[in-house]
Amino acid sequence: MIKIARLLLWVIIISAIAAGAYYMINRSKEPFHISRGHVNDIETMTRLCAIDIYNEAPVLDTINNKAIFAVQKRSGSISFDLQNIHTENSGDTLFVTLPKEIVEIKESTEPDSWQVIDTKSLALFIKDRMSLTEENAVKSKLRGRAIRQLYENGTVARARAEAATNLRSFLENIYRHPVIVIDPTPNGTLSH
Numbered sequence: 007m008i009k010i011a012r013l014l015l016w017v018i019i020i021s022a023i024a025a026g027a028y029y030m031i032n033r034s035k036e037p038f039h040i041s042r043g044h045v046n047d048i049e050t051m052t053r054l055c056a057i058d059i060y061n062e063a064p065v066l067d068t069i070n071n072k073a074i075f076a077v078q079k080r081s082g083s084i085s086f087d088l089q090n091i092h093t094e095n096s097g098d099t100l101f102v103t104l105p106k107e108i109v110e111i112k113e114s115t116e117p118d119s120w121q122v123i124d125t126k127s128l129a130l131f132i133k134d135r136m137s138l139t140e141e142n143a144v145k146s147k148l149r150g151r152a153i154r155q156l157y158e159n160g161t162v163a164r165a166r167a168e169a170a171t172n173l174r175s176f177l178e179n180i181y182r183h184p185v186i187v188i189d190p191t192p193n194g195t196l197s198h
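Counting the sequence shown from 1 gives a position; our numbering is that position plus 6.
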């Protein structure tokens with residue numbers, strides 16, 4: 007009985023190797039087709055980047071009667087669109103109004119940027135494990151919270167102050183005249 011099982015195992019292994027070899031030899035050998043590149047849309051935008059963001063944050067949240075504890079690595083930036091900047095001249099002085107900040111924060115693209123430590127059901131007869139849809143719903147809530155936190159902890163205010171200083175210095179070097187940067191919202195404008 008043991009000899010028949012071994013013989014059957016060898017037959018299966020040899021058959022699998024033969025099938026793999028047959029596939030590799032006879033697979034389609036179509037050449038790659040490379041077409042000319044083209045641009046669908048060009049949007050010119052000049053941005054002044056004041057702060058690059060990278061952080062690692064613990065996550066504790068609930069969804070659909072399930073709790074999740076995870077760690078998320080985030081990256082992003084706080085920048086300013088200078089394409090439509092408002093300027094006025096008064097004598098030899100240039101007055102510039104700092105535009106609204108653009109806060110971008112996303113899950114990092116590096117390996118292990120989302121690590122689920124544990125999930126737990128908060129109700130009877132519901133599995134502890136979360137679906138990808140549930141995890142993605144948690145992640146979408148996290149983005150809004152992370153942006154609000156940047157406003158609350160003063161990161162956006164610091165970015166606006168640095169942008170005003172850098173923009174003044176940059177424009178004074180270009181125009182060789184005094185520049186005054188006006189910041190109408192020094193703490194930023196949270197629109198989320």
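Using N, Cα and C, we set each Cβ at its ideal position, and we do this for glycine too.
Buried or exposed: where does residue 131 fall if 16 or more other Cβ atoms within 10 Å of its Cβ makes it buried?
exposed
Assuming contact is defined by CB atoms lying nearer than 8 Å, are residue 125 and residue 72 in contact in what I supplied?
yes
When DSSP builds the beta bridges, which residues end up paired with residue 150?
Paired residue(s): none; residue 150 is not in a bridge.
Best match in 58, 195, 24 for proximity to residue 81 [C-alpha to C-alpha]
58
Proximity winner among 105, 114, 115, 128, relative to residue 173 (alpha-carbon distances)
105
Pop quiz: residue 188 and residue 86 are said to be a contact at Cβ under 8 Å. What is the actual Cβ separation, rounded to whole angstroms?
About 13 Å; that fails the 8 Å criterion.
So the alpha helix (DSSP H) residue 179 belongs to, where does it begin and stop?
161-181
Per DSSP, residue 60 is paired with what?
Per DSSP, 81.
Pull up the distance between the alpha-carbon of residue 145 and that of residue 153, whole angstroms please.
13 Å
The beta strand (DSSP E) with residue 103 in it runs from where to where?
99-103
Of all the CB atoms in chain C, is at least one closer than 8 Å to the CB of residue 100?
The displayed structure is made up of one protein chain only, and chain C is not part of it.
Mind checking residue 128: buried by the 16 CB within 10 Å criterion, or exposed?
exposed
If you follow the beta strand (DSSP E) that residue 121 is part of, which residue opens it and which one closes it?
Unbroken beta strand (DSSP E) run through residue 121: 120-127.
Give me the Cα-Cα distance between residue 108 and residue 159, rounded to the nearest whole angstrom.
17 Å
Excluding the five sequence neighbours on either side, which residues of its own chain have a C-beta within less than 7 Å of the C-beta of residue 111, listed in chain order?
Cβ contact annotation for residue 111 (same chain, cutoff 7 Å, sequence separation greater than five): 59, 80, 82, 149, 152, 153, in chain order.
Taking the beta strand (DSSP E) that residue 111 falls in, what are its first and last residues?
107-113
For the candidate residues 162, 99, 123, 157, whose alpha-carbon lies nearest to that of residue 182?
Nearest in C-alpha terms to residue 182, of all of 162, 99, 123, 157, is 99.
Less than 8 Å separating the beta-carbons of residue 65 and residue 76?
yes
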